[in-house]
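Just so you know, the sequences run in chain order A and B. If you want this note's numbering, it's the 1-based position in the first sequence plus 224. If you want this note's numbering, it's the 1-based position in the second sequence plus 8. Where is the CB? At the ideal position from N, CA and C, for every residue including glycine. A quick note: this is a predicted structure, and the numbers were derived from the prediction, not measured. Below is one structure, written out as structure tokens, with a few remarks after it.
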Amino acid sequence: MMASSYNAKEEDGHHSGASSHGGAGAVKSKKPDNTAFKQQRLPAWQPILTAGTVLPAFFVIGLIFIPIGIGLFVSSNNIKEFEIDYTGVGESSPCHSCAKNFSWNSTTPCLCSVDFTLEQPFESNVFMYYGLSNFYQNHRRYVKSRDDSQLNGDRSALTSPSKECEPYRTSEGLPIAPCGAIANSLFNDTLELYHIDANGTSNSIPLVKKGIAWWTDKHVKFRNPGGNGNLTVAFQGTNKPVNWRRPVYELDPSDSENNGFINEDFIVWMRTAALPTFRKLYRIIQKKPSSTPTLPSGKYVLNITYNYPVLSFDGRKRMILSTISWMGGKNPFLGIAYITVGSICFFLGVVLLIIHHKYDTRNNSADIPN
Amino acid sequence: MAKESVESGLTWEVRANSCHYHKPKQKKSFLCFRWGRYADNLLRSYKYSPLTFLPLTLFEQFQRVANLYFLLMMVMQCVPAISSIPWYITIIPLITVLSVRGLKDLANDMARRRSDAQINSRPCDVLVSQSFSTAQWKDLFVGDVLRIHKDQVIPADLLLLCSSEPHSLCYVETADIDGETNLKYRQALSATHNELTSHPSEEALAAFDGVVLCEEPNNRLYTFRGQLHWRGECLLLDNQHILLRGTVLRNTQFAYGLAIYTGTDTKILRNCGKIRVKTTRTEKVFNKVVMGIILSVLLAALLLAIGSGVFSSWVMSHTGVLTPLVVGGNPIYTGFLIFWSYIILLSPAMPIALYITFEVIHTVHSKFIGWDLEMYWPQADKPAQARNTSLSEELGQVGYLLSDKTGTLTQNRLLYRQCCIAGEIYGDASVRAEDVEPMDLSWNPFSRGGLFMSAPRLVETLRGQKCPLSIQFFSALSLCHTVMAEWKEEAPVYQAASPDEEALVGAARELGWVFLSRTRDFIVVSELGVTRQYQLLALLDFTSQRRRMSVLVREPEGGLKLYCKGADIVILERLQKDCPYQERVEKALELFAQACLRTLCVAVRSVPEASWEQWSKTLAQSAAMETCDREAVLEKLYDQMERDLQLLGVTAIEDRLQEGVPETIALLQQAGIKVWVLTGDKKETAVNIGYSCKLLDPDTRLLEWQELRQILQSPDPGVSFSKARQTDLWVVDKERAGAKTAVVLSGLELAEFDQRPEWGSTFMRLAEQCQSVLCCRVTPGQKADIVTLVRKHTTSVTLSIGDGANDVNMIKTAHVGVGIAGVEGGQAVQNADFALSQFRFLQRLLLVHGRWSYRRISLFLRYFLFKTCSFALVHIWFGCFNGFSAQSLYEPWFIALYTVFYTATPIMLVAFFEQDVSAESSLKWPELYKCGQRQELSSPLMLALSLLYAVYTSLVLFFIPFGVFYNTAFDYQTMAVTVAMAATFTAIIEVVLVTKYWTKFNVAAVCVSFVLFFICTRITHSTRLFQRSPRDYVFIGASDKAFVNPVVWLTALLTAWTAVLPSLTAYALNVILTVRDKQKVHSASNQPMELRSQMRRGTSLRRSSYALSQGARPGRHIISATSFRSTVPTVDEKVTASNNLTRPLSAFK
């Protein structure tokens, strides 16, 4: 089907060229070498494409893309996802008061709880995300505002953080650990999930907080200065970020593998988002060994320790529960895009076919008089 | 005296033998200050000295806007507040570019220095205190007296004082000045001749204290005005007394001269145009596009900066975690910084790698030209050479070919090929001269070979003395000429002012009529071994009006004979009535014309003694007349004598063309190239060559100056032009008339263009409709002016081709200059961009290399633009979603590696190897070349389309991943890897679509680029590098995770596919619409190339001419020079000097 010509041109006269070189003897001839490269006669494959080879490509691509798109769309639709906005914008929303009366310096945490109902049970592992909107975590000055050497446990960087961290480099004369705007704006709401069963008792759902960060981040990129031993000593001489309530070595005092710079909530936050509306993995709800769904349908309560202000920049906070498939979370866009592009390919194929047909007949008729 | 000389414009004063007078006035320079008057004789074509190299080269390089731009980028990247990507990403390529360029320039300059040194150290004999000592050219000084040996190149413009020959005549070859290889004579003033040759020359010369007052140095090669003040006398000097630098002394043992102009003051160097830096048209268009890109980048950066300011003030109006993002709490200041950051971030749209790659590609193309066996000339062991490596694509767009004639189109060898005597045609011109079977001429002791005519029948007739006409015919050839014989090794060697005459006399010699010698009054000829002495009674000179010459001789037997030779029209109308064979001769003339031979008619007349006596009396009377009348009277007198002629026969001379010239010209014309011929030769010769090299067809209408002038002066030149064509008698087919007109101009006529600049554009419009334009008698400067005219009034690329020093200026002026590496004189090649050994190689240079090169470079530029812009513009769209903060969507390392590592090799190999059709097909289908002339592949529109496509691609590259990653848990680094992957895939798919010629290297390069992306990405994301420098390799682990994520892959593939979809559609559309033509070209390998014969038999125009290079009557010099009686010393030297015309007439006294 593919019309092609392979013109391995013969290197004719190569031998005669060589012999003349020999004959020249001491006087070096300036005669160019008769090689395929120098004579631009390299054997080459020159595909001669015809309408017969080009047009099917469009149909084939179309026919490949559309099923992929459908597959993606279906598997995306099979993913169960539940999203709830708990910013507290509306007067009636439970977190309204917390949102309104926010202050970084308040010592007493503001608590609020949101009720919601899952219509369908969530099977398998359920991932719990927090989502932020209108939060420019990809702003250059924000993205730059960190010191990877410090986060990697470098002692000199711990005491003298990079200039990139300004204005969150030092506070009260002491270097900040971890320095920079990213760390300073660490998401610090605490979310707890309770299932209200049929008789009204609320059962706390175990939320696994480890395994949410990337392996390389946890084990290579982020390291505590001087190992995971006594962090209080290690971080001596540094100050906590301005907006933080606790120093970095108290992020998770119960687990030394999850404390300090290698606290997974912290690591997840430090992996900045690509776009201003994003989600970050918060907790994993592991599936139960029995056949009961991880989250059966029914009523739930989300208890929030409301620490993180977003209203000031018109942001929103959400909590998302989602199952995952081979393609990760719910993503209808990719499937639709595949179907669209596949259809366009197919359509272009048809248009080209028509053009080809018309041009061909016109050309044929024009050829006859010749 | 001084005052007087100032008034007459003669302000240049040279005192002979007075070094101390000139030395303080020597031209000197320090930095940019220059003082002094007289240039030294040092040739300085180099630019740099060790001290000035660095600043000069940097200055030159930063004149390139691009380099300056990159320097600015680099400086900006060093400012932490705005640096959006690290500084080292730009400095490495910038330094590479600067040093590569600088070293290249340095190497060129060194080569120039070497060749300068070689010329400067040539030896010459300078008179120092009464004896000649050998000095070098560079030591020469104004006022020095020099001795020039035979065959020596003259080192400066000299005033000829005297020579070893009688009358201080000397001969020079001016091949390097006007391309003519025949000899010119120069004669010293009789005053200097008489005084300086009488003594032992050294003493007399050392005592010579003349003062020359002349014009300031200028570039007029054919004129000179000056005075020699010596011994209280004022002698007028003109061009006859001057030996120009660059000419070669011939046939003269010694010549003594006084240096008047040296070094840069000499006429030949004044004629060398300035060194111009040539940039190709594509490069110019591309530079404009680059400027456009830079402006767009600035505009985009401005808009984004405004966006940033707005965003910052929005942030300011809200309290929150992002407040510190506004620098110093000032949105305007933030916006200002962001502006520069975006300029840096968007600068990869115009990458520095482009210029490096561009250079490399040009170099490789030049190498290919040098490597081409088809352009290798084994006889001289010379391959083609691309001396200027950056013009190769210009060869693919040539619209005007301006060619020199002598040595370029012709070999400047005239061969006697045929003759027609008494109606019998001898010889066969259809056999190539090389293949002619040599005749047995061993019976002739004077035979020296060189007759390319096989006519045993003629020899038989001659030796048998069967035909009185043929005997007279050869007598005529051996008598009627102005050739001089010089005896060398017992045989005469002929020196002629015209190569035509040399060929004729030479042919007569071969056949037994040997011209042995001449004195003023006698010509000695050996006729078949019998030496006969003819008395020369009168020599009726050749002029371009008369187009004939005659000699009146008294035969040894006592009879008076007038032998005449000349152009056919002139001779045929002067024949006696009922001349036999006239019809057959006319038929022969036509036959010769068809074979593109130059013809001359030979005729004889027996003159009665009485009529001669009367005639000579009248001649003597008229000789005493006033100048202006005399010319007319002489004309009339000559006319009286040259009538009632008896036609003897016709000679046919072939002006040997270079091999393959007609075919090449025909092919180039088919390719749409206009071929013009610019020559220093006579009009007749030029037109003749025009016919024989198929530049003009036999039915081409020649439009000469008078007619052209009328057309140009008329209010509507276009209409007049078509009218002029339609009244044409020869044009049968009126519709084709346009292509069948050629303009013939001469140098003097061209000079009028200087006064009437408005004619230029009109003329070019007319010339565009003409088949060709021939310019004759043009100086090197005028050649360049014509090139300038074409350049100014058309948008086409001009190519000049020539072989001599007289072509240097035009070679330098044209867009592309090609030098023919001839047998002698390397000046043209030195200044040319390309050097070829043969004119016919031009077809391969243009149609194959030029076409390929143009195609390759256009593809390369468009692809490169697309690739880099689509890659960089993504940041604009991303800017809208990151608060206009100049955040890069790519990892810094990817930005650095993308243009160089991941995408450069495949397109570079395309630019090296791409062939849409093979070399054979390119030559078979010259029409394919027109694509380059119309700039189809590199027009601003095409480049703009590429840019538009790049914008589309950048939109796709950003928004599809945006849709996928919006509101998901994917982080910035994953998205960066995805977009990078998509961009690389797009670039690779696009190059796959561009490549039509898949060598193993292309396949390998595509695969390697693909693999390299993954390898390098893994490396820069590796743990090891991160641990070495955590701040520089923050993408650790991003690709490990991304490359196993199906969503990343699906997104990248979809993005890449969507991005190339328009290109693919255009490709398919192209395949569908043009597939037929392509198949035709590819499958047409078996059809032999047919040279369309544009000759039309029957309508052919006879061409009979006779050309002398030095217009004015050569006869007088012959007579005066060879007479051993000194010319009558005239009292008033002034009159003698200014009015040479009195002299020939003295012969008749």
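So which residues of chain B does residue i contact, with C-beta pairs closer than 7 Å?
i         : result
Gly553(A) : Thr976, Ala977
Tyr353(A) : Ala977
Asn376(A) : Pro1038
Please compile the residues from chain A whose C-beta is within a distance smaller than 7 Å of the C-beta of residue i.
i         : result
Gln895(B) : Asn362, His363, Arg364, Val367
Gly858(B) : Those within 7 Å of Gly858(B) in chain A number zero; the least Cβ separation is about 13 Å.
Can you name, in chain order, every residue of its own chain whose Cβ lies under 8 Å from the Cβ of residue i, other than the five neighbours on each side?
i          : result
Lys158(B)  : Leu257, Arg258, Asn259, Thr260, Gln261, Phe262
Thr1130(B) : Confidence is the limiting factor: at Thr1130(B) the pLDDT is only 39, short of 50, which leaves the residue's position unreliable and the question unanswerable from this model.
Leu470(B)  : Ser478, Ile479, Phe482, Leu519, Gly520, Leu536
For residue i, return the contacting residues in chain A, with the cut-off set at a CB-CB distance below 9 Å.
i          : result
Tyr910(B)  : Simply none; closest approach about 22 Å.
Val795(B)  : Chain A residues near Val795(B): none, gap ~31 Å exceeds 9 Å.
Trp1065(B) : Ile285, Phe289, Val565, Cys569
Check this for me: beta carbons of residue i and residue j, under 9 Å apart or not?
i          : j         : result
Leu410(B)  : Val798(B) : yes
Phe847(B)  : Ile819(B) : no
Leu782(B)  : Val685(B) : yes
Leu475(A)  : Val492(A) : no
Glu662(B)  : Leu423(B) : yes
Ala267(B)  : Pro131(B) : no
Gly574(B)  : Cys604(B) : no
Gly1045(B) : Lys324(A) : no
Leu881(B)  : Ala357(B) : yes
Gly858(B)  : Ser400(B) : yes
Leu665(B)  : Ser700(B) : yes
Please list, in chain order, the chain A residues whose beta carbon lies closer than 8 Å to that of residue i.
i          : result
Gly1045(B) : Trp438, Trp439, Thr440, Asp441, Val444, Lys445
Quick one: what's got a C-beta closer than 6 Å to residue i's C-beta in the same chain, skipping five residues either side?
i         : result
His581(A) : none
Tyr269(B) : Asp165, Pro225
Ala995(B) : Lys875, Thr911
Phe842(B) : Ala394, Val826
Glu510(B) : Tyr502, Ala504
Which residues in the same chain have their Cβ closer than 7 Å to the Cβ of residue i, if we skip the five residues on either side of it in sequence?
i          : result
Tyr363(B)  : Ala74, Val105
Gln34(B)   : Gly44, Tyr46, Asp48
Thr1073(B) : none
Ser123(B)  : Gln838
Asn396(B)  : Lys286, Asp841
Can you pull the chain B neighbours of residue i, defined as C-beta to C-beta under 9 Å?
i         : result
Ala419(A) : Here residue 419(A) is His; the residue named in the question, Ala, does not match the sequence. Within chain B, no residue comes near His419(A); the closest Cβ sits about 24 Å away, beyond 9 Å.
Requested in this report: Tell me, please, whether the region 634-649 of chain B touches the region 542-557 of chain B by the rule of three or more beta-carbon pairs shorter than 8 Å.
Outcome: yes
Query raised in the report: If we count Cβ pairs, one from each stretch, closer than 8 Å, do we get three or more for the region 939-958 of chain B versus the region 1011-1031 of chain B?
Result: no
Report task. May I ask you to verify whether the region 994-1013 of chain B touches the region 910-918 of chain B, counting CB pairs closer than 8 Å and requiring at least 3? Result -> yes
Query raised in the report: Looking at C-beta atoms only, is the number of pairs between the region 667-687 of chain B and the region 710-724 of chain B that lie closer than 8 Å three or more?
Result: no
**Report entry** At least three beta-carbon pairs within less than 8 Å, the region 413-420 of chain B to the region 286-300 of chain A
**Finding:** no
Query - Continuous beta strand (DSSP E) assignments of at least 3 residues falling wholly in the region 783-827 of chain B - result: 805-810
Report task. Spell out a yes or no on whether the region 306-326 of chain B and the region 342-362 of chain B are touching, meaning 3 or more CB-CB pairs, one atom from each, closer than 8 Å. Result -> yes
Report task. Quick one: which unbroken alpha helix (DSSP H) runs of 4-plus residues sit fully inside the region 473-515 of chain A? Chain order, please. Result -> 488-494
Report task. Check whether the region 979-991 of chain B touches the region 897-909 of chain B, counting contact only when three or more Cβ pairs, one atom from each stretch, lie closer than 8 Å. Result -> yes
Query raised in the report: So, do the region 472-489 of chain A and the region 299-308 of chain A have three or more beta carbon pairs nearer to each other than 8 Å?
Result: no
Query - Entirely enclosed beta strand (DSSP E) segments - the region 329-377 of chain A, minimum 3 residues - result: 334-342, 350-357
Query raised in the report: When the Cβ atoms of the region 192-204 of chain B are set against those of the region 553-565 of chain A, are three or more pairs found closer than 8 Å?
Result: no
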